[in-house]
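J.: Have a look at this one before I ask anything.
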Amino acid sequence: MPARSRSRTVPANGVVQLELHLDTFDGPLELLLLLIEQHRLPITQVSLAQVADQYLAQVHALPELDVDLLADFLSIGGKLLLLKSRALLLTDEPDPEAEEVASDLADRLITYRVFRAAAEHLRDIEQRGQRTYTTLREPLASLGPGPLAPLNPTALLNIWRRFVEQEPRGSDRLDVPMLVRANVDERRAAILDALREEPNLSFRSVAGDTADLVIATFLAILELFRRGLVHLEQRSLFGDLRVCRPDGALNPA
1486 MPARSRSRTV PANGVVQLEL HLDTFDGPLE LLLLLIEQHR LPITQVSLAQ
1536 VADQYLAQVH ALPELDVDLL ADFLSIGGKL LLLKSRALLL TDEPDPEAEE
1586 VASDLADRLI TYRVFRAAAE HLRDIEQRGQ RTYTTLREPL ASLGPGPLAP
1636 LNPTALLNIW RRFVEQEPRG SDRLDVPMLV RANVDERRAA ILDALREEPN
1686 LSFRSVAGDT ADLVIATFLA ILELFRRGLV HLEQRSLFGD LRVCRPDGAL
1736 NPA
């Protein structure tokens, strides 16, 4: 289906509001979250891939980097991601800690100090007349294994939170990451191509090392899981998420 037109409005207060045009919704991101939380729009009828692609494309198209819009995307997008994950993965018995996890995830995503510091650093560089920027290439830090536990929505969200929280090691200086134009459809195709070569993959190995890539990859994996094109497995508590072909699932440890 051809992509629908994208727009942004500037109210009287001068604050830019990005408009989403989805198959089932037209309007700002905040309204989308409100309708879903009020059960007026089923989360299963909303393509988070379209949400991410349209919103990030409009942010990148702005004349200047707007960290407030990025913060809104991380906060509201994180809540939508949580709701979609629970709708796809939640078992018959609800997790008593689900609300606490949701609140904690939202709080952490709202603290977007890396983006704020990066914007201030870029502004300082521009004021000095410099036009060349470096990109952050250091990989995400690895974590050790934990006790055995089955994969559940809470464990999936813990994996996501660790990617959001992690910072580069071995240096006290600020490294400014370049924002990559990550595309969910492209990440989905890349994961399927990789699975044709390997029956199972580490989420860490395909997620990338920038916020855009991690978000797009996570959404792509959720969409593939919903379609039944991949299995998700985890061998240990707090361990890495494994993305497997349906015919190449991991053997029990």
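First residue of the sequence shown: 1486, per the working numbering; consecutive thereafter. C-beta atoms are modelled at their ideal positions from N, C-alpha and C, and glycine is treated no differently. Here the structure is a predicted model, which is why all the values come from computation and not from measurement.
Taking the alpha carbon of Glu1515 as the point to measure from, which residue in Asn1668, Leu1707 and Gly1562 has its own alpha carbon closest?
T.: Checked all of Asn1668, Leu1707 and Gly1562; the closest Cα to Glu1515 is Gly1562.
J.: Output the distance between the C-alpha atoms of Leu1565 and Val1699, rounded to the nearest integer angstrom.
T.: Each residue's Cα considered, the two are about 16 Å apart.
J.: Going by other Cβ atoms of all chains shown within 10 Å of its Cβ, with 16 needed for buried, is Gln1535 buried or exposed?
T.: With 16 or more Cβ atoms within 10 Å of its Cβ, Gln1535 is classed as buried.
J.: Does the contact criterion of 3 or more C-beta pairs under 8 Å hold for the region 1508–1525 versus the region 1673–1681?
T.: No, because fewer than three Cβ pairs between the region 1508–1525 and the region 1673–1681 fall closer than 8 Å, the two stretches do not touch.
J.: Take Asn1668 as the anchor and find which of Val1552, Ile1521, Leu1541 and Gly1512 has the nearest alpha-carbon.
T.: Residue Leu1541 is the option with its Cα nearest to Asn1668.
J.: Following the continuous beta strand (DSSP E) through Glu1549, name the residue where it begins and the one where it ends.
T.: Element bounds for Glu1549: n/a, residue is neither H nor E.
J.: Taking the alpha-carbon positions, what's the Val1553 to Leu1574 distance?
T.: Residue identity check: residue 1553 is Asp in the sequence provided, not Val. Asp1553 and Leu1574: Cα-Cα distance of roughly 31 Å.
J.: With distances taken from CA atoms, which of Ala1692, Leu1555 and Ala1572 is nearest Thr1529?
T.: Of Ala1692, Leu1555 and Ala1572, the residue nearest in Cα terms is Ala1572.
J.: I need the boundaries of the beta strand (DSSP E) containing Arg1727, first residue and last residue.
T.: Start and end: Leu1726 to Cys1729.
J.: Roughly how many whole angstroms lie between the Cα atoms of Leu1680 and Leu1507?
T.: For Leu1680 and Leu1507, the distance between alpha carbons rounds to 29 Å.
J.: Taking the straight line between their C-alpha atoms, what separation do you get for Arg1711 and Leu1547?
T.: For Arg1711 and Leu1547, the distance between alpha carbons rounds to 33 Å.
J.: DSSP three-state label for Glu1671, please.
T.: Helix.
J.: Drop a sphere of 10 angstroms on the beta-carbon of Leu1628, count the other beta-carbons inside from all chains shown, and report buried for 16 or more, exposed for fewer.
T.: Bear in mind that the predicted position of Leu1628 carries a pLDDT of just 45, short of 50, making it unreliable; the figure below should be weighed with that in mind. Classification of Leu1628: exposed, given that the 10 Å Cβ count is below 16.
J.: Quick one: grab the DSSP three-state call for Leu1566.
T.: Here Leu1566 sits in helix by DSSP.
J.: Take the Cβ of Asp1732 as the centre, count every other Cβ of all protein chains shown within 10 Å, and call the residue buried at 16 or more, exposed below.
T.: Label assigned to Asp1732: exposed.
J.: Looking only at C-alpha atoms, which of Glu1549, Gln1523, Pro1527 and Leu1503 sits nearest to Ala1537?
T.: Among Glu1549, Gln1523, Pro1527 and Leu1503, the Cα nearest to that of Ala1537 is on Leu1503.
J.: Gln1543 by DSSP, collapsed to three states: which one?
T.: In this structure, Gln1543 counts as helix in the three-state DSSP scheme.
J.: So Thr1717 and Leu1533 are supposed to be a Cβ contact under 8 Å. How far apart are they, rounded?
T.: Before going on, a small fix: residue 1717 reads as Leu here, not Thr. Incorrect: roughly 16 Å between the Cβ atoms, too far for contact.
J.: Can you tell me whether Gln1523 is buried or exposed, with buried defined as 16 or more other CB within 10 angstroms of its CB?
T.: With fewer than 16 Cβ atoms within 10 Å of its Cβ, Gln1523 is classed as exposed.
J.: Apply the 10 Å Cβ neighbour rule to Gln1719 and answer buried if 16 or more other Cβ atoms are within range, or exposed otherwise.
T.: Gln1719 should be labelled buried.
J.: From Ala1701 to Arg1672, what does the alpha carbon distance come to, in whole angstroms?
T.: So the alpha carbons of these two residues sit roughly 7 Å apart.
J.: Give me the DSSP bridge partner(s) of Gln1535.
T.: Note: Gln1535 sits in no beta bridge, so no partner.
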